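Participant: I'd like to ask you about the structure that follows.
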Amino acid sequence: MGASGEFHDQIIAILPKLRVQALALTRNRAAAEDLVQDAACNALSAHESFIPGTNFAAWMHRILRNRFISNLRKRRDTTDIDDVPSSAFSTEAPHEDRLALKELGKAMNRLPADQREALVMVVVHGMSYEALAESTGCAVGTAKSRVFRARRQLEAWLMGEPEGEASRGAARLGRSPGAVRTDRVATPARRGPVAAM
Amino acid sequence: MAQRKDKSIPDKPPKRKKYDSAFDLWLQRSLHNMFDEVASEPLPEELLRLIEEDRKK
Chain A
39 MGASGEFHDQ IIAILPKLRV QALALTRNRA AAEDLVQDAA CNALSAHESF
89 IPGTNFAAWM HRILRNRFIS NLRKRRDTTD IDDVPSSAFS TEAPHEDRLA
139 LKELGKAMNR LPADQREALV MVVVHGMSYE ALAESTGCAV GTAKSRVFRA
189 RRQLEAWLMG EPEGEASRGA ARLGRSPGAV RTDRVATPAR RGPVAAM
Chain B
27 MAQRKDKSIP DKPPKRKKYD SAFDLWLQRS LHNMFDEVAS EPLPEELLRL
77 IEEDRKK
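Residue numbers (the working numbering), protein chains in the order written: chain A, 39 to 235; chain B, 27 to 83.
If you want it as C-alpha cells, here you go:
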C-alpha cells in the first residue's frame, strides 16, 4: 500500500476520536458530525502538506479544532447548550445516575470550549498532556491548566462547593474570584456564543 | 525560555487505578459513559465514500 493509501486509512482510523472531540467542542450531535466531515475534507485537501512519519493524530485534531474556530467566527453560535450526548440516556443506569449524568452534561456545556475539549481528550481518549498540547496547538502547561480548571470547575458546580472555597481555588489559578461561577447547575445557563477560546 | 514548573498541577493525568478523589473517579466513569458510545457508532457512509473517492484520485 502506498503512502497515499496509508494516509486515507489513517483518516478513517481516527474518525471515532474526531467525533468525540467534535462533540466536546460543539455540544451538538448534528453539528459534531458536520464538523468531522468538514475536517476530513480539509485534511484531504491538505494531503500534500502532511509530512509522512510525523504525528498524524495531532495534525488531524488541529485541523478539526481550527475548523471549529473558523466556523465560530463566521456565524453566531446557535447550538442548543442543553443538548446532552444521547449516550447519557442509553445506559441501564438507575434513574438517579441518569439524573447525575444529565447534570454533568449541563455543567460540561457551561465550561469554556477549550477546557471541555481538553478534559474529554485526556479522560476519554487517555491522551497525555504532551499529546493534548500538540493536538490543540498550545504549551504543555496550558494543556495541563485547561484540564485542571475544567475538573476544578465541574467539581465546584456539581458538588456545591461553598463560594469561598471556589474563589480561593480560582485565586490559586490566577483568576479573579468574581470570574468563578459557584451557582448550582440547576441555574439556567446563559445562551449565546460559545465562550471564547 | 524554560517553563516554570507548576507543582500544583500533576505532570500526568491520573491513571485508572489512582484518583485524587471520589469525584475524579465518578467524573472519569461518567465521561466515558457519555462519549464512548459516540466513538463506537458506525461511521457515516457518506463520509467513508468521500474518503474512498479521494483515495482513487
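C-beta: ideal position from N, C-alpha, C; glycine also. Only a predicted model underlies this, so the values are computations on that prediction, with no experimental measurement involved.
#1: If you reduce the DSSP assignment to three classes, tell me which class A/Met165 lands in.
#2: State the start and end residues of the unbroken alpha helix (DSSP H) segment that holds A/Arg190.
#3: Is the Cβ-Cβ distance between A/Leu157 and A/Val178 less than 7 Å?
#4: What is the rounded straight-line gap between the Cα of A/His85 and the Cα of A/Pro54?
#5: Given this structure, state the Cα-to-Cα distance separating A/Leu142 from B/Lys83, to the nearest angstrom.
#6: Only counting the same chain, and skipping five residues up and downstream in sequence, which positions put a Cβ closer than 8 Å to that of A/Ala171?
#7: Measure from the C-beta of B/Arg81 to each C-beta in chain A and report whether the shortest distance is under 7 Å.
#8: Nearest to A/Arg103 by CA position, among A/Asn147, A/Thr174, A/Glu71 and A/Ala95, is which residue?
#9: Assign A/Glu44 to one of three DSSP states: helix, strand, or coil.
#10: Using CA coordinates, which residue listed in A/Ala194, A/Asp72, A/Glu193 and A/Met98 is at the minimum distance from A/Ala81?
#11: Give every residue of the same chain whose Cβ lies closer than 8 Å to the Cβ of A/Ala58, excluding the five residues on either side of it in the sequence, and list them in chain order.
#12: Taking the continuous alpha helix (DSSP H) assigned at A/His99, which residues delimit it?
#13: Are the CB atoms of A/Ala151 and A/Leu56 nearer to each other than 7 Å?
#14: Work out the CA separation of A/Ala69 and A/Ala79 for me, nearest whole Å.
#15: Give the DSSP-derived three-state secondary structure of A/Ala84 in the structure shown.
#16: Assign A/Glu193 to buried or exposed, taking buried as 16 or more other Cβ atoms, counted over all protein chains shown, within 10 Å of its Cβ.
#17: So, with DSSP's three-state summary, where would you put A/Asp120?
#18: For the alpha helix (DSSP H) that contains A/Ile89, what are its first and last residues?
#19: Give me the chain A residues within the contact set of B/Leu135, using Cβ-Cβ distance strictly less than 9 Å, ordered along the chain.
#20: Cβ of B/Ala48 less than 7 Å from any chain A Cβ?
#21: Would you say A/Ala96 and A/Gln153 are within 7 Å of each other, going by their C-beta atoms?
#22: For a test of the three-state rule: what should DSSP assign to B/Leu69, helix, strand or coil?
Facilitator: Judging by the given coordinates:
#1: Residue 165 of chain A sits at position 127 when you count from the first residue of the first sequence. Here A/Met165 sits in coil by DSSP.
#2: Counting from 1 along the first sequence, the entry for residue 190 of chain A is found at position 152. That run of the alpha helix (DSSP H) goes Val178 to Met197.
#3: Translated into positions along the first sequence, residue 157 of chain A becomes position 119. Translated into positions along the first sequence, residue 178 of chain A becomes position 140. Inclusion of A/Leu157 and A/Val178 in the CB contact set at 7 Å is not warranted, their separation being larger than that value.
#4: If you number the first sequence from 1, residue 85 of chain A lands on position 47. If you number the first sequence from 1, residue 54 of chain A lands on position 16. Answer to the nearest angstrom: the Cα atoms are 20 Å apart.
#5: Position 104 of the first sequence, counting from 1, holds the residue named residue 142 of chain A. Position 57 of the second sequence, counting from 1, holds the residue named residue 83 of chain B. Whole-angstrom Cα-Cα distance: 45 Å.
#6: Position 133 of the first sequence, counted from the start, is the residue given in the question as residue 171 of chain A. Around A/Ala171: Ala177, Val178, Thr180 and Ala181.
#7: Here the question's residue 81 of chain B lines up with position 55 in the second sequence. Yes, because at least one Cβ of chain A sits closer than 7 Å to the Cβ of B/Arg81.
#8: Taking the first residue of the first sequence as position 1, residue 103 of chain A is located at position 65. It is A/Thr174.
#9: Start at 1 with the first residue of the first sequence, and residue 44 of chain A comes out as number 6. Helix at A/Glu44.
#10: Looking up residue 81 of chain A in the first sequence gives position 43. That would be A/Met98, whose Cα lies nearest to the Cα of A/Ala81.
#11: For this step, residue 58 of chain A is matched to residue 20 along the first sequence. According to the sequence provided, residue 58 of chain A is Val. The question's Ala does not apply to it. Hits under 8 Å: Val158, Met159, Val162 and His163.
#12: Counted from its first residue, the first sequence places residue 99 of chain A at position 61. Counting along the chain, the alpha helix (DSSP H) containing A/His99 begins and ends at Phe94 to Lys112.
#13: Along the first sequence, read from residue 1 onward, the residue named residue 151 of chain A stands at position 113. Along the first sequence, read from residue 1 onward, the residue named residue 56 of chain A stands at position 18. Their beta carbons are not under 7 Å apart, which means A/Ala151 does not touch A/Leu56 by this criterion.
#14: By 1-based counting over the first sequence, the position of residue 79 of chain A is 41. By 1-based counting over the first sequence, the position of residue 69 of chain A is 31. Rather than Ala, the amino acid found at residue 79 of chain A in this sequence is Cys. A/Cys79 and A/Ala69: Cα-Cα distance of roughly 15 Å.
#15: Position 46 of the first sequence holds residue 84 of chain A. DSSP, read as helix, strand or coil, puts A/Ala84 in coil.
#16: Position 155 of the first sequence, counting from 1, holds the residue named residue 193 of chain A. Answer is buried; the Cβ neighbour count reaches 16.
#17: Stepping through the first sequence from its first residue, residue 120 of chain A is reached at position 82. In this prediction, A/Asp120 scores a pLDDT of 42, lower than 50, which makes its location untrustworthy; no coordinate-derived value is stated.
#18: As a position in the first sequence, residue 89 of chain A is number 51, starting the count at 1. Run containing A/Ile89: none; DSSP gives neither H nor E here.
#19: Lying before the first or after the last residue shown, residue 135 of chain B is absent from chain B, which here runs from 27 to 83.
#20: Position 22 of the second sequence, counting from 1, holds the residue named residue 48 of chain B. For B/Ala48, no CB of chain A lies under 7 Å from its own CB, so it is not counted at the interface with that chain.
#21: In the first sequence, counting from the first residue as 1, residue 96 of chain A sits at position 58. In the first sequence, counting from the first residue as 1, residue 153 of chain A sits at position 115. It is not a contact, given that the beta carbons lie outside the stated cut-off.
#22: Sequence index remark: in the second sequence, residue 69 of chain B carries index 43 (1-based). Of the three classes helix, strand and coil, the one that applies to B/Leu69 here is coil, per DSSP.
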